[in-house]
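Enquirer: Taking mature numbering (1 follows the signal peptide of the UniProt record, and there is no 0), I'd label the letters of the sequence shown as residues -20 to -1, 1 to 112. Below: one structure in structure tokens.
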Amino acid sequence: MSLRWNQRTVTLICLVSSFAGPDPVQKIQRWDKANKTYVEVERPYIVGTYNKCMGGVDLLDSFTAKYKFPMKSRRWYVYIFWHTIILAVINAWLLYKRECKALKMPKQEILNRRQFQADLILSHPGEHNLIR
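Below, the structure written as structure tokens:
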């Protein structure tokens, strides 16, 4: 499903999803600067779903940007492979943190991302030529 929606007169939003569509349309309140009052606006369902879940995407993007490592390759698929590995490690760390909070572990015992990554590498059987 592809959707183009004008949020305001100058903003055009384009969304593509196989999960959500424009229906049902939701009524929301927006601030109107000209009249200085709230006005009721119709918002497609897909936009509401995106707004509800976008925090996780932004968090994942910020974590991938935080620990970028320089990599040179002429093969484009190598980048996709390593990016997928990085996303999997970040998601595993976020799940680990969620479980630690659910188990009410003290903050001092919860590993940060670097420590988690190092433990993950060291837990793999075989030689560890990557750690210097």
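Here a beta-carbon is modelled for each residue, glycine too, at the ideal position from N, C-alpha and C. Nothing here was measured: the structure is a model prediction, and the numbers come from that model.
1. Tell me whether residue 18 sits in a helix, a strand or coil according to DSSP, three-state version.
2. Tell me whether residue 91 sits in a helix, a strand or coil according to DSSP, three-state version.
3. With burial defined as no fewer than 16 other Cβ atoms inside 10 Å of the residue's Cβ, what is the status of residue 105: buried or exposed?
4. Roughly how many whole angstroms lie between the Cα atoms of residue 97 and residue 32?
5. Grouping DSSP H, G and I as helix and E and B as strand, with all else coil, what is residue -6?
6. Would you call the region 67 to 85 and the region 36 to 56 in contact, with 3 or more CB pairs under 8 Å?
7. Between residue 6 and residue 23, is the Cβ-Cβ spacing less than 8 Å?
8. Using CA coordinates, which residue listed in 84, 62, 92 is at the minimum distance from residue 74?
9. Rounding to the nearest angstrom, what Cα-Cα distance links residue 102 and residue 86 in this structure?
10. Does the Cβ of residue 27 have 16 or more other Cβ atoms within 10 Å, making it buried, or fewer, making it exposed?
11. What number of angstroms, rounded off, separates the C-alpha of residue 3 from the C-alpha of residue 25?
12. Consult DSSP for residue 78 and reduce its assignment to one of helix, strand or coil.
13. Below 6 Å CB to CB, which residues in the same chain sit around residue 12 once its five sequence neighbours on both sides are set aside?
Expert: Walking through what the data contain:
1. In the structure shown, residue 18 sits in a strand (DSSP, three-state: E or B).
2. Note: residue 91 maps to coil in three-state DSSP.
3. When all chains shown are included, residue 105 counts as exposed.
4. If I take the Cα positions, the gap works out to 29 Å.
5. For residue -6, the three-state secondary structure derived from DSSP is strand.
6. In short, these stretches touch, since the Cβ pair count reaches three.
7. Residue 23 sits close to residue 6, with the two beta carbons spaced by under 8 Å.
8. Ranking 84, 62, 92 by Cα distance to residue 74 puts 92 first.
9. When only Cα atoms are considered, residue 102 and residue 86 end up about 23 Å apart.
10. Buried, since its Cβ has 16 or more Cβ neighbours within 10 Å.
11. For residue 3 and residue 25, the distance between alpha carbons rounds to 6 Å.
12. It is helical.
13. The beta carbon of residue 12 is closer than 6 Å to those of 19 in its chain, skipping five residues each way along the sequence.
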